[in-house]
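Okay, so here's the structure we're looking at.
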Amino acid sequence: MKFAPFEYAAPATVREAIALLASRPGEAKLLAGGQSLLPTMAFRLAQPALLVDLGRVAELRGIEVAADGATHLGALTRWCDVQDHEDLSRAQPLLARAIGHVAHYQVRNRGTVGGSLAHADPAAEMPCVAVTCEAQIVIAGPSGDRVMPAADFFLGPLTTDLAEDEIIVRVDLPAWPATRRWSFLEFSRRPGDFALAGVALFYDVDHAGFARNVHVGVIGSRMRPERLAGAESVMEGAVLPEDSEERNALAVRVAKRAFEEYSAADDYHASGAYRRSLLATLVSRAVASTLTGEPVEARVTH
Amino acid sequence: MAIDVPVRESLADCLRHGLGQTGTHIGCEHGVCGACTVIVGGDAVRSCLMLAVQAEGTKVITVEGLSNGGKLSPLQTSFRKHHALQCGFCTPGILTTAHALLTQEPYASRERILDVISGNLCRCTGYVNIIDAIVDAQPSYVGAGAS
Amino acid sequence: MTAGGAVIGAPIERIDDERLLLGRGNYVDDLHREGLLHAAIVRSPLAHGVLNSIDSSDALAMPGVVAVYTHEDVMRVLGRIPKIPMRIAPLPELAPFEQDVVASTRVRYVGEPVAIVIARTAAEAEDAADRVFADIEPLPAVARCGVVGKEPPALLFEGTSSNASIIYTAKKGDAKLATGPYIRREKLSMQRHTAITMETRGLLAEWNAGASHMTVHGGAKVPFFTRRILAGTLGLPITSVDMIEVDVGGGFGVRGEFYPEDFLVPFAARELDNSVKWIEDRREHLLGTNHAREMQAEMEIVCEADGRVIALRGSVSVDVGAYMRSTVSAPSRNVGQFISGPYDVPNVYMESTCYLTNKTPIGTYRGPGIIEADYLRERMFDMAARDLGIDPVEFRSRNLVPSDRMPYSLADVDGPKRTEELDGGDYASTLDRCLSEFGWNDKAALQGRMIDGSFHGIAVSCFAETTATGPKELARIEMGEDGRLTVFSGASNIGQGVKTVLAQIASATLDIAIEHFDVKVGSTNLLPEGVGSFHSRATVMGGSAVLIAAQTLHKNITAAAAAKIGCDASELVFSPGLDVTARGVTLTRADFGRMKLEAAGEFLSEKRTYGYGSAAAHVSVDPKTGKVVLLDYLVVQDIGRIINRMTAHGQIIGSIVQGLGGVFLENLVYDDDGQLLVGSLADYLLPSAADFPNIRAILLENTPSQSNPLGAKGVGEGGIISVLAVVTNAVAAALASLKVEPNHLPLSPSRLWEMIQASPVASDSKCEWA
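From first to last, the protein sequence lines stand for chains A, B and C. FYI, the numbering for the first sequence is 8 to 309, going by the numbering used here. FYI, the numbering for the second sequence is 294 to 440, going by the numbering used here. FYI, the numbering for the third sequence is 5 to 774, going by the numbering used here.
Rendered as structure tokens:
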């Protein structure tokens, strides 16, 4: 499974990279960590005529964490960079937890945030985290930079709003209050496999003790990472019960609403009915864990 | 070490055929099995998912670089002692992965080791002996400033 | 380092490990030759079709390309298209279903070779293979086994009336008419597996035109057989072909059989008078290397009210793929013959129908047919026990063959007729040992209970492993002038540690430290003939031959020493390391080497010997997600005589984990057009280190085999034999309250969840969201 022939360029700046993409419209691909692109090239499903290696573009690296937790991740931030960064697990705990599920040790040493977002696999963790946390994606193109919300960035499976001559430069995650409640649960066949279903969930608690600003995002949706507005609305403004039966009832209400609004297709790995039910089960368990404070087993596999 | 490589050549193929270091093995060529794992700049990576050109200017350690002039390292000795290899094909990738891990995390828990090694496939051993071997080699990484 | 010999049974470290750990393994892709050319195989993209023509003109014009060969070239050179003969149980009536070495008129499975491209580099060969265009007129694809009375979409072979190539029948007593107070009939099935060796297949073929000699590296398992076939296809005498064994990255039964590439690569090398290397890539491996295990069965068990089994009968449809290739008869016959396992079943009637389909052909894969048989039988046993209200342990105890009924005849199978008998063993006490070590009585309190959201289940099963098939194996030991000894064996190294085992036997017999031995196996230029490594035979057959050679060598040394010293043999004093002293004169190994002492050994056996044991499993099942956690797995196995405790234990553990992949993860899924949907290791899921960490094995040697001088039984397949059966039974036990009978593998989370939803019992455990 050798790669088909291609030309190779390793620019030093974003400007140069954009110019290279523009020089071969539709025939060039960006190489970041290569953990998604190179396997597709090994199968010759992708055969770009020109590979533009971003590895030397220093301006795409770097992690900045503000005091309120607002975080800027350079597009070439590797998963291991996220995991090794001292402040990130405190500043963006959902992100940090999710990254622990990405593939395997060796892949986390090469795979990048920007690469994952551009690849846009709906079964991947980062697109879901970006949408759930309302990240802003900073994109550079021939006519300048633009910023777009993650929710608008993903158009379909493996499809984004990126033009052929555009490059993701940075992902900005909003501030994360220290008192926020959150849960990230993913279910896959084996550790590191793509999720059969996953949920990223958070909310804040207002001064009266009600849930506010509820965000429920899913992994494994057929089309693109999405938030479940119905499930969010059930939880929004909800009293956070102390009683275990009431807690369970709330979790079940949210999960049932999630089940209603979520659909999934059959494939040979799993039926659509199973995926739907699994997603609702994960929502229920995620909500329950935010109410009790008890951690649910984060990695649920064989 | 300097070598000219075709741009489409993977790091794995460059190591094996360009440089004649055949200890690194190719098991799938699509980034799943881990047999091709080498250490680039201190990080364990799948060499089938890197172009050789991307390794320019970096320090690459392969399984051949783990021993001391042909003498088995404590990690390698532990593998032999624990019968942590059978056909030996996945072994170099597991050795480099374990070496990178223990160099950075000499006190890694058994669970952490299991989690990391879950990125390397073995069809012969059933893994139990591999994990035992890595755990048994940990003392040699503690305080040793191993590189 | 002591001077004396190794101890039989000791856990001696393997002699090859240092080299492999240093990265100095020598696998076929590590070999280089001056001017080496590389091959890529062009494969059919369609499952079934008429091959009209092949256009290689684009490919031939591409950079680095030297040649493209198709059936036309083979016909031009040889005047015929050779066929690949079945290795096990060939029959004249099956010859029409054998595979041609390259497709000529029809293609019958996706992946079937239609051409070979030779180029300067592997990448250029692959580039060019993409540009060879085979004009194939599609025919309807047969993606499923036949249904009696229903027309298949197409016939794979012209002139036949159905796609059933043969029906094998296993018979004992009169099962068809057997009746009793309890009868249960069930449908069960198992998915398509493949072995997945970590090293894919590969070959390096070299033609020496001057000597008219072909040398091929990269084979394994049965090199003497494949040499004979290759020589025949190329029109060469056997002595003009050698298969040289190098390090091999796993076998499991699928590496080493004769595949189309085993002809095409040497053919190309001879045509070009140049060395040619072919390395299978992983995508090809999924399509090109033998598949296994896919079958559907309808089983019936007949019992007394107390659980004593009166009869087992059933019909099995084996999805054999597109051709009767290499070893397909083995699983098909074994599933019938070994259906009773270690149990006393007076009446057996099993029919296995081999159905040709447009899929990759099947062959033997670790425990072929025996795994399937054990799964069918043990499932029926647990269902019967539950119905009859009998404890599943008690059910088994009542039916195990007692040791005083040995040897015990199994069903006879035909195609051709084969009789087998269990040769001895204390199955009951081994079961007891397993239960005790497993903690069965303590765990029994958890049976079927829900704890923390998961149902718990335990199960036990018993197995007998057929091993050490004959007819013979050969060995030779030569002494060198440097004091080293070389052991030559016809067995084959597939990574299982056979070299160490053989060295250990020679070392123990001759009382010479194992460090002084070199072991050479597998290559056809070492011995006049040999058989190989399959059916768990290497230790027993190969080891017995080495034992005989070592004993003979000892006699030769004794005679030579007495003659040299001029004394009677009784005066000789042997010390560890094989210094021999008498009358003040000491002769050393090096001296014997200078005398060119050596000895050959041949061990003949037509009798298989049966390892046996029991396995127990404890699982928890989360009904909401379908997740199963294997909390404990224990096998207790009696292998007659343990030669190397460490490698034997390693075989069992590895074998178990391989089996667990088959229960939960592995599945080669085809669509209705015969397209294999599983194209990579991201979709064909193998167990990882994190999946099944709780595996235990205990080795026993209570019942040495009577049929070989070592007293040993093979161990390569016993671990896997019970896995599908006992783990499925544990899941069934966990879900007993839901009356879920998991009779169709694999038990992926989705499939198990669907089974739970289909339960006739109303339960909170079902999906609650709708």
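For every residue, glycine included, the Cβ atom is placed at its ideal position computed from N, Cα and C.
Distance between residue j and residue i (C-alpha atoms, nearest Å)
i: Q431 (chain B); j: E173 (chain A); result: 46 Å
i: C571 (chain C); j: R587 (chain C); result: 8 Å
i: E37 (chain A); j: L124 (chain A); result: Rather than Glu, the amino acid found at residue 37 (chain A) in this sequence is Leu. Answer to the nearest angstrom: the Cα atoms are 13 Å apart.
i: V502 (chain C); j: G718 (chain C); result: 12 Å
i: A463 (chain C); j: S321 (chain C); result: 27 Å
i: A309 (chain C); j: G678 (chain C); result: 46 Å
i: M387 (chain C); j: Q451 (chain C); result: 15 Å
i: L439 (chain C); j: S465 (chain C); result: 10 Å
i: I410 (chain B); j: T390 (chain B); result: 7 Å
i: S537 (chain C); j: T473 (chain C); result: 10 Å
i: V293 (chain B); j: R80 (chain C); result: Residue 293 (chain B) is absent from the model: chain B starts at 294 and stops at 440.
i: E322 (chain B); j: R402 (chain C); result: 52 Å
i: A129 (chain C); j: T293 (chain C); result: 20 Å
i: D408 (chain C); j: G345 (chain C); result: 17 Å
i: T219 (chain C); j: Q641 (chain C); result: 41 Å
i: P134 (chain A); j: L25 (chain C); result: 40 Å
i: A158 (chain A); j: P32 (chain A); result: 26 Å
Range of the contiguous alpha helix (DSSP H) that encloses residue i
i: A512 (chain C); result: V502 to L514
i: C438 (chain C); result: Y431 to F442
i: T368 (chain C); result: No alpha helix (DSSP H) contains T368 (chain C), which DSSP labels as neither H nor E.
i: S244 (chain C); result: Run containing S244 (chain C): none; DSSP gives neither H nor E here.
i: L316 (chain C); result: Unbroken run through L316 (chain C) is the beta strand (DSSP E), V313 to G325; no alpha helix (DSSP H).
i: P396 (chain C); result: P396 to N403
i: C135 (chain A); result: E132 to T139
i: A16 (chain A); result: Here A16 (chain A) belongs to no alpha helix (DSSP H); instead the beta strand (DSSP E) covers E14 to A16.
Reference residue i, options the options, closest by Cα
i: S767 (chain C); options: C:A740, C:R700 and C:P753; result: C:A740
i: K364 (chain B); options: C:P627, C:E288, C:R23 and C:D446; result: C:R23
i: E772 (chain C); options: A:S296, A:Q99, A:Q54 and A:V290; result: A:V290
i: D34 (chain C); options: C:A138, C:K176, C:V252 and C:A71; result: C:V252
i: P627 (chain C); options: C:S692, C:R755 and C:I760; result: C:I760
i: Q710 (chain C); options: C:S618, C:I699 and C:T613; result: C:T613
i: E38 (chain C); options: C:N747, C:R409 and C:V280; result: C:V280
i: Y434 (chain B); options: B:R403, B:L394 and B:Y420; result: B:L394
i: R293 (chain A); options: A:A204, A:F191, A:P181 and A:V246; result: Checking the displayed sequence, the identity of residue 293 (chain A) turns out to be Ala instead of Arg. Nearest option by C-alpha distance: A:F191.
i: A479 (chain C); options: C:L635, C:L435, C:T513 and C:E533; result: C:E533
i: E602 (chain C); options: C:A594, C:L608 and C:S609; result: C:A594
Cβ-based neighbour list, residue i, same chain, cut-off 6 Å, excluding 5 preceding and 5 following
i: C87 (chain A); result: R115 and N116
i: A235 (chain C); result: I242 and V245
i: L304 (chain B); result: S340, M343, A345 and A348
Boundaries of the beta strand (DSSP E) in which residue i is found, first to last residue
i: T183 (chain C); result: First-last for T183 (chain C): undefined, no H or E at that position.
i: V46 (chain C); result: L41 to R47
i: S624 (chain C); result: T613 to D626
i: K176 (chain C); result: A168 to K176
i: V632 (chain C); result: K631 to D642
Sequence-distant residues of the same chain with beta carbon closer than 7 Å to residue i, five excluded per side
i: A439 (chain B); result: Because the pLDDT of A439 (chain B) is 46, which lies under 50, any placement of that residue in the model is unreliable, and the number read from its coordinates should be weighed accordingly. If we look at A439 (chain B) and ignore the five residues flanking it on each side, its Cβ neighbours are T396.
i: I92 (chain C); result: T331, S333 and A334
Contacting residues, own chain, Cβ-Cβ under 8 Å from residue i (five flanking each side not counted)
i: V21 (chain A); result: V64, E66, L67, A147, I174 and V176
i: S692 (chain C); result: none
i: G13 (chain C); result: R645, I646, I647, N648, R649 and E705
i: F521 (chain C); result: I19, R488, L489, T490, V491, A507, A510 and S511
* Sequence ranges, beta strand (DSSP E) only - wholly within the segment 311-355 of chain B, length at least 3 -> 330-333 and 336-339
* Starting from the N-terminal side, write out each stretch of the alpha helix (DSSP H) that is 4 residues or longer and does not extend beyond the segment 439-483 of chain C. => 444-447
* Completely contained beta strand (DSSP E) runs for the segment 145-170 of chain A, where each covers 3 or more residues -> 151-156 and 161-163
* **Residues, ordered as in the chain, of the segment 743-758 of chain C that lie near chain E by beta-carbon distance below 9 Å** => Protein chains in the displayed structure are A, B and C, and chain E is not among them.
* Of all the beta strand (DSSP E) runs that stay within the bounds of the segment 654-709 of chain C, which reach a length of 3 or more residues? -> 699-704
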